[in-house]
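Quick note: the sequence shown uses my numbering, first residue 11, plus one each step.
Here is the structure we will look at, set down as structure tokens.
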Amino acid sequence: VLFRSIELISYIYVWNNYRLFELPWDSQWTWYLTLLGVDLAYYWFHRVSHEVNILWAAHQVHHSSEDYNLFTALRQSVLQKYTSWIFNLPMALFIPPSVFAVHLQFNLLYQFWIHTEVITKLGPLEWVLNTPSHHRVHHGRNPYCIDKNYGGTLIIWDRIFGTFEAEDAKVVYGLTHPVNSFDPVMLQLRPLAHIWNTFWATPGFCNKLSVIFKGPGWGPGKPRLGLPEEIPVITGKEVPFNPSVPAYLNCYAVVHFAVIMDLYTELLGTVTTLSQGTILLRIGFIILSLTSFGLLMENR
């Protein structure tokens, strides 16, 4: 709402000023190439978001859910889009923006439906596509699931680059160190605060840089991505964070959330006619409401 699409603005700028050649937009081969290009770019962005601590601080919001359903797909970072665009820019040297924009949206839409436990296996498609089974592994905190299956639409990149893992033992979802909170602001900002504190507490300039640019499990004397043996073992007794709240609070949250959804929809439809101050106030009210819901669900 507040900012135009960084992905398209940057892509169109590179296309207009630096493209090397222009593939025909109406060629089927351009569309096939773009499908592969967008998904390969997503694979590397997604992988880097797990392997670079400052990027993981944003992406971990998506992984913080201890449930796995379609709503998990909607749990997104407010900061992630400000880095993802970089990985798409090489395509702007030869692929028309219109073709890129279509595939960017298709890739994102495909990823929505794979956040489900309803679908088990899809036979031969498991070799090529990123399926619900493959993505369940990606969202697991079992040691065998960590840093696996980064693909968006296709799983072939994980098979090629050695990050594929098939679903085996029952997957336990969420972060290796659960946040145990429904506060959306805290979920977005606490990892950044942790990096800030660790940065200043870590001795040595190079070590400080490593806190930012190496993996979230890194520490002085450890490998870039940390030690696998430090990943907490799954016992099978893990219970998702789910405080008991009175029924009337649940009813209130549902009704108030419906009002907020209507307000948000109305805001999207009228954003071009509103002043910046009005937009900020409405967004502030939405954030305050969502934060209040989270605190209510924690009995706070």
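Yeah, the Cβ is synthetic: ideal placement off N, Cα and C, and Gly gets one too.
The structure presented is a predicted model; accordingly, all values stated were derived computationally and were not measured.
Three-state class that DSSP yields for residue i in the structure shown
i    : result
Y28  : helix
L139 : strand
Y78  : coil
CB contact flag (residue i, residue j, <7 Å)
i    : j    : result
F104 : F55  : no
F52  : G162 : Residue identity check: residue 52 is Tyr in the sequence provided, not Phe. In this structure, G162 lies closer than 7 Å to Y52 by Cβ.
W95  : I16  : yes
E308 : Y183 : no
R146 : E177 : yes
I156 : P142 : no
L278 : R292 : no
L185 : S74  : yes
A111 : V24  : no
P100 : W35  : no
I296 : I270 : yes
Whole-Å CB distance - residue i paired with residue j, under 8 Å assumed
i    : j    : result
T208 : V221 : 5 Å
V48  : N117 : 5 Å
A179 : N140 : Their Cβ separation, rounded to whole angstroms, is 20 Å, which puts A179 and N140 out of contact at 8 Å.
Reference residue i, options the options, closest by Cα
i    : options                   : result
H69  : P238, L278, I297 and P226 : P226
E136 : L235, T245, I64 and I165  : I165
L114 : Y258, A211 and Y21        : Y21
F81  : P34, L185 and E127        : E127
N79  : F122, G172 and A203       : F122
E32  : S108, Y92, L46 and T93    : S108
V249 : V181, K91, N26 and L30    : V181
Residue i Cβ short of 6 Å to the ligand COA heavy atom set
i    : result
N207 : This structure lacks the ligand COA, and indeed carries no ligand of any kind.
Minimum Cβ-Cβ distance from residue i to chain B less than 7 Å
i   : result
S87 : No chain B appears in this structure, which consists of one protein chain only.
Next on the checklist: At 4 residues or longer, what runs of the alpha helix (DSSP H) sit wholly inside the segment 146–175?
Outcome noted: The alpha helix (DSSP H) runs lying completely inside the segment 146–175 and spanning 4 residues or more are 166–171, given in chain order.
Checklist entry - Fully enclosed by the segment 104–128, which alpha helix (DSSP H) runs are 4 residues long or longer? => result Those alpha helix (DSSP H) runs which fall completely within the segment 104–128 and span 4+ residues are 107–123.
Checklist entry - Curious, which full-length alpha helix (DSSP H) runs of at least 4 residues does the segment 35–73 contain? => result Correct list: 38–61 and 63–73.
Item to check | Ordered list of alpha helix (DSSP H) runs contained in the segment 178–266, each at least 4 residues | outcome: Whole alpha helix (DSSP H) segments, 4+ residues: 194–211 and 215–223.
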